[in-house]
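Everything on this sheet refers to the single structure shown next.
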Amino acid sequence: MDLNELTNLKKRVEQYKEVLKNTRAYRTEWKDSLKDRIVELLTQMSKETGLSAEVEVKAELENLEAIVLSLGDAKSGMYQQVSNDIKRHMIKNNGALIYQQLFNGKIMVLINYPFIEGYGQPAPPKTIAIYRPEELKTPFFIRHMEEFVGEITNWEDYDDDEPNKRLGFELNFNAARIEDQPMD
Numbered sequence: 001m002d003l004n005e006l007t008n009l010k011k012r013v014e015q016y017k018e019v020l021k022n023t024r025a026y027r028t029e030w031k032d033s034l035k036d037r038i039v040e041l042l043t044q045m046s047k048e049t050g051l052s053a054e055v056e057v058k059a060e061l062e063n064l065e066a067i068v069l070s071l072g073d074a075k076s077g078m079y080q081q082v083s084n085d086i087k088r089h090m091i092k093n094n095g096a097l098i099y100q101q102l103f104n105g106k107i108m109v110l111i112n113y114p115f116i117e118g119y120g121q122p123a124p125p126k127t128i129a130i131y132r133p134e135e136l137k138t139p140f141f142i143r144h145m146e147e148f149v150g151e152i153t154n155w156e157d158y159d160d161d162e163p164n165k166r167l168g169f170e171l172n173f174n175a176a177r178i179e180d181q182p183m184d
């Protein structure tokens, strides 16, 4: 075998080793500083803006942790009258902004849309971006919060003024619009 034929393979092996080294470094940065910094920034922004939210670290799996800024759960205002004395309330999850550590140490930022239990299907999460730890600077967190609040505001303010604006889940019924009906 001619060793010159292995040039491309050697480059790929070096690239692979570099990626593995980066994964270890990203995981260390998450543990040593990034996780706490994200919690602090989200907590501070919530307090300073008056956004009622809870910041929680989900750490069931090592190196797959997540930081969740949750707007919590509440009664949706809709309920089923079970009997004269009993109402079965539909619970609404108000949405969340999530910083999820990936298997390779990078951080994926997601928006979980609000949803009402028992009323259609929740929308899939929206991925904002995936970052290397060193890329996550304070202005990014502010933009993430702005996008999150904008998305949940649009969800809450759903109406048919914008035909392509989706509520975020399939409705339990299909309301046909008059302009969609065939003309006789």
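Position one of the sequence shown corresponds to residue 1 (this note's numbering), numbered consecutively onward.
Ideal Cβ positions, reconstructed from N, Cα and C, are used throughout, including at glycine.
State the Cα-Cα distance for the pair residue i and residue j, rounded to the nearest angstrom.
i      : j      : result
Pro133 : Gly105 : 8 Å
Glu151 : Thr7   : 49 Å
Thr127 : Ile38  : 17 Å
Gly77  : Ile107 : 36 Å
Leu92  : Phe141 : According to the sequence shown, residue 92 is Lys rather than Leu. So the alpha carbons of these two residues sit roughly 26 Å apart.
Val109 : Asn84  : 45 Å
Asn4   : Lys10  : 10 Å
Val149 : Lys137 : 19 Å
Thr49  : Glu156 : 19 Å
Asp73  : Pro122 : 14 Å
Glu146 : Glu40  : 17 Å
Tyr16  : Leu71  : 40 Å
Lys47  : Val13  : 48 Å
Tyr158 : His144 : 21 Å
Ala59  : Arg27  : 13 Å
Leu194 : Asp2   : Since the first and last residues shown for the chain are 1 and 184, residue 194 lies out of range.
Between the options, which has its C-alpha nearest residue i's C-alpha?
i      : options                          : result
Pro125 : Glu146, Asn112, Glu135 and Leu42 : Asn112
Gln100 : Gln121, Ile91 and Ala66          : Ala66
Glu62  : Gln81, Gln44 and Phe103          : Phe103
His89  : Glu5, Lys75 and Leu71            : Lys75
Glu56  : Glu48, Met45 and Val68           : Val68
Ile130 : Ile98, Glu117, Thr28 and Ile116  : Ile98
Asn94  : Arg27, Glu117 and Gln81          : Glu117
Leu51  : Asn22, Ala96, Pro139 and Tyr158  : Ala96
Pro139 : Asp32, Met45 and Val19           : Met45
Apart from the five residues on each side of it in sequence, which residues of its chain come closer than 6 Å, Cβ to Cβ, to residue i?
i     : result
Thr43 : Val55
Val82 : Arg88
Thr23 : Asn104 and Gly105
Ala53 : Ser46, Leu69 and Leu71
Gln80 : Arg88
Trp30 : Gln101
Taking all protein chains shown into account, decide if residue i is buried (16 or more other Cβ within 10 angstroms of its Cβ) or exposed.
i      : result
Pro114 : buried
Lys35  : buried
Apart from the five residues just before and just after residue i, which ones in its own chain have a Cβ nearer than 8 Å to its Cβ?
i      : result
Pro163 : Unreliable placement is indicated for Pro163, whose pLDDT of 47 sits below 50; no coordinate value is reported for it.
Glu135 : none
Excluding the 5 residues preceding and the 5 following residue i in the sequence, name in chain order all residues of the same chain whose CB lies nearer than 7 Å to its CB.
i     : result
Leu20 : none
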